[in-house]
Amino acid sequence: MPTEHPSLPIALTMGEPAGIGPELIVMAASARHEAAPFFVYGDAGLLSARARRIGLDLTIVETDEAGTLAAFTRGLPVIPLANAAPDRPGRPDVAGAAAVIESIERAVLSVRRGHARAVVTPPIMKEVLYRAGFRHPGHTEFLGELACRHWQDGAAQGLATGGQDRETPFRPVMMIWSQTVAVVPVTIHIPLSRVPAALTEDLIYETGLITARDLKARFNIAAPRLAVAGLNPHAGENGALGSEDSAVVAPAIARLRAQGIDARGPLPADTMFHARARQTYDAALCMYHDQALAPAKALAFDEAVNVTLGLPFVRTSPDHGTAFDLAGTGKANPSSFLASLSLADRMSR
């Protein structure tokens, strides 16, 4: 696995062509808020047209991996794709799916080959990709497969999950990070009715291991502190409001503590996110999607970043969707995307 080097640029994927991703990229290139150079695997014609559409005078420089740093001094370096993407803001089209997938695959491979040190991904539209035959539940799971495909040596050694219990392939874990709060949902995009059955002691334990390991390795937190939410109201209230917290969550926390990880809980989720409580932990492990993302978005909607832990490379993404209603208008807020670039820079150093 190539060692990340701060002189390498950051690789950007194109995102959903009909969404705000392309204009977030050209906004970032035009503003040059970030010290770290970056390039994008994308459709140069689409990016150039989107810049003009929102009134930006931006030079697009088509290049290859070897020329990205030099090209960044002149404009936005774009490595062309084999697949074209239609420029129809606000109108998603399955014709662009191949370009979206190619962009993600090539960005990940660029890190593996030592051309980039991190990947930043604008949002994609999963429903469009499904119609093109995309078989992954989402972006994160696809990145996990690419990690296993290109870093099989590490996967075979069980490096991704802290591997103490058994050899496992890389398992990606979603974290929503901001300066205000960091949250990790143990289960993600499944119906709420399926959460209790999906939650297992092993799942919670491995998610905690991955979180603690990457907080230490990527965020330079010497002794990460994890606050673990209960599944039920009042963390089950000693079984009166559900047995899962004592039967499943608590044993997982005990195993984390046995590994030397500062993990507390299960805690009532309704008292975990006020200012004083947030000072007592570095990340909150939550049992389901909205238990984690609702407080994160309430506290840091414009600054939150989606970080994928458990991978052999750094990947960040803005914590918002494709916003088709804003695409092509120039009204999209680039704050979360710029924060994604900044955090990818920080983590890959």
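If you want the working numbering, it's the 1-based position in the sequence shown plus 1. For every residue, glycine included, the Cβ atom is placed at its ideal position computed from N, Cα and C. Being a predicted model, the structure only gives us computed values, none of them experimental.
The alpha helix (DSSP H) that contains residue i, what's its start and end?
i	result
VAL315	VAL315 -> not in any alpha helix (DSSP H); beta strand (DSSP E) instead, spanning 315-319.
TYR206	202-220
LEU286	Looking at the DSSP string, LEU286 is not in any alpha helix (DSSP H); the run it does join, the beta strand (DSSP E), is 284-287.
LEU25	22-32
PHE143	140-151
PHE73	69-73
VAL129	127-132
GLY46	45-54
PRO252	251-259
VAL196	196-199
Starting from residue i, trace the beta strand (DSSP E) both ways and give me its first and last residue.
i	result
ASP346	Run containing ASP346: none in the beta strand (DSSP E); it sits in the alpha helix (DSSP H), 336-348.
GLU63	61-63
VAL174	174-178
VAL112	Run containing VAL112: none in the beta strand (DSSP E); it sits in the alpha helix (DSSP H), 98-113.
LEU77	77-81
VAL308	306-310
ALA12	11-13
ARG226	226-230
ALA264	263-268
ALA183	183-186
VAL121	119-121
Write down the C-beta distance between residue i and residue j rounded to the nearest angstrom, noting that I regard them as a contact closer than 8 Å.
i	j	result
ALA19	PHE325	6 Å
THR201	MET288	Actually they are not in contact, since the Cβ atoms of THR201 and MET288 sit about 11 Å apart, beyond 8 Å.
ALA45	PRO81	6 Å
THR272	ALA278	6 Å
LEU147	VAL109	4 Å
ARG226	THR141	Rounded, the Cβ-Cβ distance is 24 Å, inconsistent with contact.
GLU24	ALA305	Rounded, the Cβ-Cβ distance is 20 Å, inconsistent with contact.
ASP88	ALA50	5 Å
SER337	ASP303	6 Å
Applying the criterion that 16 or more other CB atoms from any shown protein chain within 10 Å of the CB defines a buried residue, is residue i buried or exposed?
i	result
PRO124	buried
ASN221	exposed
GLY322	exposed
ASP58	exposed
THR162	Legend: pLDDT at THR162 = 32, less than 50; position of this residue unreliable, value from coordinates given subsequently. With 16 or more Cβ atoms within 10 Å of its Cβ, THR162 is classed as buried.
ALA236	buried
GLU128	exposed
ALA259	exposed
LEU193	exposed
SER8	exposed
ALA251	buried
ALA253	buried
ARG167	Because the pLDDT at ARG167 is just 34, under 50, the model does not fix this residue reliably, and the value given afterwards should be weighed accordingly. Under this definition ARG167 is an exposed residue.
GLY329	buried
ASP215	buried
LEU160	Because LEU160 sits at a pLDDT of 35, beneath the cut-off of 50, its placement in the model cannot be relied upon, and the following sentence gives the value as read from the coordinates. When all chains shown are included, LEU160 counts as buried.
THR64	buried
ALA223	exposed
GLY261	exposed
THR309	buried
ALA72	buried
PRO138	exposed
PRO234	exposed
GLN180	exposed
SER244	exposed
ALA86	buried
Are residue i and residue j close, meaning C-beta to C-beta below 8 Å?
i	j	result
LEU48	LEU77	yes
VAL229	PRO269	no
GLY331	GLY22	no
MET175	ALA284	no
LEU257	TYR206	yes
PRO335	ALA29	yes
SER111	ALA117	yes
VAL182	ALA67	no
GLY115	VAL79	no
PHE171	CYS149	yes
PRO313	TRP178	no
ILE61	ALA37	no
PRO231	THR122	It is Gly, not Pro, that sits at residue 231 in the sequence shown. No, the Cβ-Cβ distance between GLY231 and THR122 is not below 8 Å.
LEU144	PRO173	yes
THR74	PHE40	no
ASN83	GLU103	Note on identity: in this sequence residue 83 is Ala, with Asn being the wrong assignment. Taking 8 Å as the Cβ cut-off, ALA83 and GLU103 qualify as a contacting pair.
With a threshold of 8 Å between beta carbons, is residue i in contact with chain C?
i	result
ALA117	Here chain C cannot be found, since the structure has a single protein chain.
Is the segment 86-103 close to the segment 281-297, with three or more CB pairs under 8 Å? no
Between the segment 293-308 and the segment 192-200, do at least 3 Cβ pairs fall closer than 8 Å? The segment 293-308, when compared against the segment 192-200, does not touch it at the 8 Å Cβ threshold.
With three or more beta-carbon pairs closer than 8 Å as the criterion, would you say the segment 333-349 touches the segment 312-319? yes
Please determine if the segment 208-218 and the segment 325-342 are in contact, where contact requires at least 3 C-beta pairs separated by less than 8 Å. With the cut-off at 8 Å, the segment 208-218 and the segment 325-342 do not touch.
Can we say the segment 239-249 touches the segment 178-194, given the rule of at least three CB pairs closer than 8 Å? no
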